[in-house]
Amino acid sequence: MPGKVDYSGNNFKYLPFGSGRRVWAGYPWGSKILKYTVASFLHSFEWQSSAGPEVEFSDKFGLVTKKMNPLVAVPRPRLSKLELYSELSRQPFYALEHPRTITSAMMETNMFSGLALGILLVVLSHFFFRATLRRFGSGRPSLPPGPRGLPFLGYLPFLRTDLHREFAKLSETYGPIYKLWLGNKLCVVITSPSLVKEITRDHDSVFANRDMTIAASTLFYNGKDIAFSDYGTYWMKIRKLFVREMMSNSSLDATYDLRRLEVRKCIGSLYEKARSPVDIGELVYLLLSNTIMEMLWGHTLESEKEKGLRLELRKVVGDIMVVLAKPNISDVFPALACFDIQGVKRQAKRLNDWFENFLSIIISHATERKSGMGVETDKKVGHDRKPRNIVQLLFDLQMEGKEGNALSEDENQELKAVLTDIVVGGTDTTSTMVEWVMALLLQHRDVLDKVMAELTEIVGTNSIVEEFHLRKLKYLEAIVKETLRLYPAAPLLLSRRPSQSVVVGRYMIPKDTRVYVNVWAIHRDPQLWEDPLEFKPDRFLENSGKFDYSGNNFAYLPFGSGRRVCAGLPLADKMLKYILASLLHSFEWELPDGVELEFKERFGIVCKKLKPLVAIPMPRLSRAELYA
Ligand code: HEM
1 MPGKVDYSGN NFKYLPFGSG RRVWAGYPWG SKILKYTVAS FLHSFEWQSS AGPEVEFSDK
61 FGLVTKKMNP LVAVPRPRLS KLELYSELSR QPFYALEHPR TITSAMMETN MFSGLALGIL
121 LVVLSHFFFR ATLRRFGSGR PSLPPGPRGL PFLGYLPFLR TDLHREFAKL SETYGPIYKL
181 WLGNKLCVVI TSPSLVKEIT RDHDSVFANR DMTIAASTLF YNGKDIAFSD YGTYWMKIRK
241 LFVREMMSNS SLDATYDLRR LEVRKCIGSL YEKARSPVDI GELVYLLLSN TIMEMLWGHT
301 LESEKEKGLR LELRKVVGDI MVVLAKPNIS DVFPALACFD IQGVKRQAKR LNDWFENFLS
361 IIISHATERK SGMGVETDKK VGHDRKPRNI VQLLFDLQME GKEGNALSED ENQELKAVLT
421 DIVVGGTDTT STMVEWVMAL LLQHRDVLDK VMAELTEIVG TNSIVEEFHL RKLKYLEAIV
481 KETLRLYPAA PLLLSRRPSQ SVVVGRYMIP KDTRVYVNVW AIHRDPQLWE DPLEFKPDRF
541 LENSGKFDYS GNNFAYLPFG SGRRVCAGLP LADKMLKYIL ASLLHSFEWE LPDGVELEFK
601 ERFGIVCKKL KPLVAIPMPR LSRAELYA
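Numbering (UniProt numbering), first residue to last: 1 to 628.
And the structure:
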């Protein structure tokens, strides 16, 4: 029995120093000092409680739980010689036979005098150092290297706003895996395919949590959406529903008419504005937001008030992407969160209020139309199948097995969080990429000519682009892939958070670290890509099988990798190519006189062109009806 009950934490009925990896590293010292003090006190004195036999044991709860009332006792010397005390006591403690608290008695002994306290600290640090060495040094991996930063603030004051570039620069000094302290938040940045593989393949489930920030929690109802919810049954349920009902081949086939209608409306409106400058990002954003809304609830926003909201949506979503990526002092110093020093929470709340209003209109439309639209249950695929109304479906799912037709506050928030995700994730990413592709094509006329030739060959100028043409447009596909390489929409993906400490490379990544994957830097690594800064779509023609969007090639990850890979990938892939093919096939594009192209970015979770791309469309199809 004695061997079984020790302080190691292996007997789970007895855990005074904790257990497992986080067992208190100083427990051998702690237990020794405790025994030594008690033995010395008992051996040197006889003790008598000043309260007589009535000692009480009520406690005061805290991180360290203490005795509520100090124990007061009278020490009476019991050793044979006086000199035996002089070694122990600075003051003639032994001689003072009056009541004192045990803690003050301890403070009066030499062991706890100023000098001894210093020694104690050294001893403590020694044990801590040895424990750290044992854990991370000798045999056990250490934390990755990284810049030192300032005490308390860490690297926070040195961070520039374009994190992907800053992180890429730091990796030149510290290598493909390094750490940064942002305040007291430990962050690790990964910049190599083999390490990404460890995170998103070998330890995928450990790294499947997101690192929730105050901004994300405010915007997405405490992580009730798909992108920020923790890995677990709730995330699985909503992601599965979204992918099955909106992203499966049959659902996408069923919604083709909606996409086609919106693309044709966009081409028609461009035809009316032909030969005048057009803001491409704005145009495509409108097309995408209409498409997503049609797919979500079978309707776009049409009343005057709703049109106003529709026009504001792009700005709101753009601001959301920026606020989500902004380093926030409150995240790294939770004690300061109530001050919201940078106003990040206030801004996120304003954006969330706007979305609340927007989504309540959508939800009320969807529930009003319930009887009209209904959820289709037939399994027929093809254009004649009525598309499913996702809002209604989510609503029905929440209502399953319930009486009445009201959602609880929690369920309402879940519904809104998922819808915010789809509207935010589904619009800004794709429209941003269309804008980058068009800008690169206007800069590289040879590439533009080549893709125009492909469109003429595959589609012809007597007809319009249809989705079935897309798989034959190999050069266009290579252009899109090359643009996603140079300007990945989410250059740092969405950060991950390990659910337990784990070794990656040779280094320890502790539980709850914020992990960034710098895809932007990987996509521009000269060891992985020839002429990495050049726009050369042909590299993807030659290696078309080697690079897809699945996240299995860890040198090319525009949609992420592993379990948390982009959930909207099938739609994004289709829409990107369909919109680009339609814009390029229907018009010749020129820059307005005197306008110079530039490629500066506005950093956010989604990295956009800083200055909007403005270009002039000129009709090129054989008949005006093709624009109708
Ligand atoms: C060009 C377009 C797009 C790009 C480049 C893109 C990129 C990404 C990336 C990099 C991630 C993070 C993956 C990771 O952490 O490994 C992501 C997540 C996500 N994306 Fe996309 N995306 C695009 C379009 C879309 C669309 C159209 C939708 C929905 C309609 C969508 C919905 C989502 C969702 C819900 C997540 C979170 C997945 C999860 O955490 O389980 N995305 N996307």
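Positions of the beta carbon are idealized from the N, C-alpha and C atoms, including for glycine.
Identity of the residues DSSP links to residue i by a beta bridge
i	result
Phe547	Answer by DSSP bridge pairing: none, since Phe547 is not bridged.
Gly154	Leu150, Leu182
Pro617	Trp589
Val188	Lys179, Val515
Glu601	Lys609
Phe45	Pro77
Lys67	Asp59
Sequence-distant residues of its chain with Cβ nearer than 7 Å to residue i (five each side left out)
i	result
Leu576	Thr430, Met433, Val434, Val480
Lys352	A quick correction: the sequence has Asn, not Lys, at residue 352. Correct list, in chain order: Thr218, Leu219.
Asp340	Ser330, Arg346
Leu153	Gly183
Ser371	At Ser371 the pLDDT is 48, less than 50, meaning the model places this residue with poor confidence; the figure from the coordinates comes in the next sentence. Cβ within range, chain order: n/a, list empty.
Tyr271	Pro619, Tyr627
Asp573	Tyr549
Val5	Asn11, Tyr14
Ala555	Pro193, Ile522, Leu528
Val459	Val465, His469, His585
N-terminal and C-terminal residue of the beta strand (DSSP E) that residue i is part of
i	result
Glu590	587-590
Trp520	Not the beta strand (DSSP E): Trp520 falls in the alpha helix (DSSP H), residues 519-522.
Val72	72-77
Met508	507-509
Same chain, Cβ closer than 6 Å to residue i, neighbours up to 5 away in sequence not counted
i	result
Cys266	Leu287
Trp354	Val316
Leu533	none
Ser205	none
CA-to-CA distance, residue j to residue i, given in whole angstroms
i	j	result
Val196	Asn518	9 Å
Val451	Trp520	25 Å
Val504	Trp181	18 Å
Ser194	Val188	15 Å
Pro2	Glu56	Unreliable placement is indicated for Pro2, whose pLDDT of 45 sits below 50; the coordinate value is still reported in the next sentence. Distance between the alpha carbons of Pro2 and Glu56 is about 29 Å.
Gly551	Thr191	15 Å
Tyr487	Val243	26 Å
Tyr308	Asp410	The question names Tyr, but residue 308 is Gly in the sequence shown. The straight-line gap from Cα to Cα measures roughly 29 Å.
Ser8	Ile605	45 Å
residue 629	Lys536	The chain is shown from 1 up to 628; residue 629 falls before or after that span and cannot be answered.
Leu557	Val565	9 Å
Phe17	Ile362	54 Å
Val74	Met68	19 Å
Gln91	Leu84	For Gln91, the pLDDT reaches just 42, beneath the cut-off of 50, and the residue's location in the model is therefore unreliable, leaving the point undetermined.
Leu96	Arg76	Here the model assigns Leu96 a pLDDT of 44, short of 50, so the residue's position is not dependable, and the following value carries that caveat. Leu96 and Arg76: Cα-Cα distance of roughly 8 Å.
Ala39	Lys237	60 Å
Tyr174	Met295	46 Å
residue 629	Ala227	With the chain covering 1 to 628 only, the question about residue 629 has no answer from this structure.
Asp378	Ile390	Because Asp378 sits at a pLDDT of 37, beneath the cut-off of 50, its placement in the model cannot be relied upon, and the following sentence gives the value as read from the coordinates. Straight-line Cα distance between these residues: approximately 16 Å.
Pro592	Leu442	11 Å
Glu172	Glu466	46 Å
Tyr507	Glu198	12 Å
Arg140	Ile509	12 Å
Unbroken alpha helix (DSSP H) run spanning residue i, endpoints
i	result
Met295	280-297
Thr161	Segment: none, Thr161 is in no alpha helix (DSSP H) and carries neither H nor E.
Asn412	409-443
residue 633	Lying outside 1 to 628, the shown extent of the chain, residue 633 is not represented and no answer is given.
Glu542	538-542
Ile329	329-332
Own chain partners of residue i with C-beta closer than 8 Å, once the 5 adjacent residues on each side are dropped
i	result
Thr427	Tyr285, Leu288, Ser289, Ile292, Leu313, Arg314, Val317
Leu541	Lys474, Tyr475, Ala478
Leu15	Gly9
Lys611	Glu598, Lys600
Lys609	Gly281, Thr432, Glu435, Trp436, Ala439, Phe599, Lys600, Glu601, Arg602
Val447	Leu440, Leu441, Ile479, Phe535, Pro537
Heavy atom of the ligand SAM within 7 Å of residue i beta-carbon
i	result
Val344	For the structure depicted, the ligand SAM is absent and the ligand set comprises only the ligand HEM.
Curious, which full-length alpha helix (DSSP H) runs of at least 4 residues does the region 200-274 contain? Complete alpha helix (DSSP H) runs here, min 4: 214-219, 233-242, 249-254, 256-272.
In chain order, which beta strand (DSSP E) runs of at least 3 residues are fully inside the region 470-505? You should have 502-504.
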